[in-house]
Amino acid sequence: ISFQGQPHLLRASRLVSIMRGGAAIFGNSKGSAMTYALSEQVGKTAVFISHNWVVSRTKKFLCLAVHFNANLASCVAAAAIVVIFVASDMGLLPRLAPRDGRATGDGICNTLLPTPIFFLVVFFRYD
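Every number in the numbering used here is 122 more than the matching position in the sequence shown, counting from 1.
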């Protein structure tokens with residue numbers, strides 16, 4: 123497809139507009155002035171997202187969320203693990219009782235928090 127000589131036809135929406143509200147824009151196949159207003163004239167597109175209306179909005183959102191947010195979510199979860207480890211080691215966070223002859227117990231927060239942090243970033247980065 124060529125838009126040469128017709129730059130007004132090349133429009134795109136920002137990812138934040140598409141992902142907002144759990145990809146709410148995919149909830150209805152009817153276009154409107156409001157959905158058109160989410161797009162803007164561009165010189166080029168970085169990513170083209172094709173979709174069909176047979177696939178549910180939820181599945182579209184899950185695929186897009188993982189694709190676009192997994193790297194950031196992994197970095198944030200890894201940073202949280204380091205912070206939790208240091209805070210646990212300094213005695214600032216609760217630990218389980220020592221067992222098997224160890225001097226200290228396992229940290230509770232380093233087991234419970236990283237996974238929810240990962241998923242919060244994946245699913246709510248744009249909200």
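Using N, Cα and C, we set each Cβ at its ideal position, and we do this for glycine too.
In this text, all values refer to a predicted model and were calculated from it rather than measured experimentally.
- Ranked by Cα distance from ARG217, the options ALA202, VAL204 and LEU234 are led by LEU234.
- In the DSSP assignment, the residues bridged to GLY229 are ARG217.
- Here ALA134 carries a strand assignment [DSSP, helix/strand/coil].
- Only buried fits ASN232, as 16 or more other CB atoms lie within 10 angstroms of its CB.
- For SER196, the uninterrupted alpha helix (DSSP H) segment begins and ends at 179-211.
- Closest option to ALA195, judged by alpha-carbon separation, among ILE147, GLY144, PRO236 and VAL138: PRO236.
- Rounded to the nearest angstrom, the Cβ distance from VAL198 to VAL169 is 22 Å, too far for a contact under 8 Å.
- Per DSSP, reduced to three states, the secondary structure at SER161 is strand.
- Counting other Cβ atoms within 10 Å of its Cβ, SER210 reaches 16 or more and is therefore classed as buried.
- If you look at LEU242, you'll find it in the alpha helix (DSSP H) that goes 236-246.
- Residue environment analysis places ALA159 among the exposed positions, since fewer than 16 neighbouring C-beta atoms fall within 10 angstroms of its C-beta.
- PHE148 and HIS173 do touch by the CB rule: their CB atoms are close to 7 Å apart, below 8 Å.
- Your pair ILE203 and LEU215 does not check out as a contact, with CB atoms roughly 12 Å apart and the cut at 8 Å.
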